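Q: In the numbering used here, the protein residues as written are 2 to 145.
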Amino acid sequence: MWNEFKQFALRGNVVDLAIGIIIGAAFGRIVDSLVGDVFMPIIGAITGGLDFSNYFTALSGNVTAGSLEEAKKQGAVLGWGNFITVAINFIIIAWILFLLVKGMNRLRRAEDAKTGTADKPAEIPADVKLLTEIRDLLKTGRTT
Numbered sequence: 002m003w004n005e006f007k008q009f010a011l012r013g014n015v016v017d018l019a020i021g022i023i024i025g026a027a028f029g030r031i032v033d034s035l036v037g038d039v040f041m042p043i044i045g046a047i048t049g050g051l052d053f054s055n056y057f058t059a060l061s062g063n064v065t066a067g068s069l070e071e072a073k074k075q076g077a078v079l080g081w082g083n084f085i086t087v088a089i090n091f092i093i094i095a096w097i098l099f100l101l102v103k104g105m106n107r108l109r110r111a112e113d114a115k116t117g118t119a120d121k122p123a124e125i126p127a128d129v130k131l132l133t134e135i136r137d138l139l140k141t142g143r144t145t
């Protein structure tokens, strides 16, 4: 069982997935910092001190706090400002990933054009060729 687990855990796809998750988590923290420490202060300066992170709607009459953290301690709150911040994070991550995939596709097309693999049709396997010949012979009625 141990050898089977080692084979599974050290398979290329599993290691690639683990690396992707680790890099994704680090990338997420970078984007959180970019949004929280760069974009939101700029948006706040443009809008006269607007800070989305502390915008909330109290769902309980007991909530009297001015900050989201304190309000959560007092009762139920709808933290819609925090949602806006997370949505901006998502849009930034999606845009960066879109640009990354677009760039990779451009590089792949350039490499295919350089090597000439983009123009060549895929080679038909021998068994498919043989089955095609058999089908054609059966259609014509020849049995040679």
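Where a beta carbon is used, it is the ideal one built from N, C-alpha and C, also for glycine. For clarity, every value in this text was computed on a predicted model and none was experimentally measured.
Note down the Cα distance separating E5 from I92, rounded to an integer number of angstroms.
A: About 41 angstroms.
Q: Would you give the residue range spanned by the alpha helix (DSSP H) that D113 belongs to?
A: Here the alpha helix (DSSP H) through D113 covers W81 to T116.
Q: For the stretch 17-33 and the stretch 69-77, state whether three or more C-beta atom pairs, one from each stretch, are separated by less than 8 angstroms.
A: No, the stretch 17-33 does not touch the stretch 69-77.
Q: Report the rounded CA-to-CA distance for L101 versus L69, giving the unit in angstroms.
A: Answer to the nearest angstrom: the Cα atoms are 35 angstroms apart.
Q: List the residues that DSSP assigns as beta-bridge partners of V78.
A: BP columns for V78 point to A59.
Q: Do I94 and F53 come within 8 angstroms of each other at the CB atom, strictly closer than that value?
A: For F53 and I94, no; Cβs fall outside 8 angstroms.
Q: T141 by DSSP, collapsed to three states: which one?
A: Correct three-state label for T141: helix.
Q: What's the gap between the Cα of D137 and the Cα of A127?
A: D137 and A127: Cα-Cα distance of roughly 15 angstroms.
Q: Once the 5 residues before and after G80 are set aside, which same chain residues still bring their CB inside 7 angstroms of it?
A: Hits under 7 angstroms: F57 and L69.
Q: Taking 8 angstroms as the threshold (C-beta atoms), are V32 and N106 in contact?
A: No; because the gap between Cβ atoms is not below 8 angstroms, this pair is not in contact.
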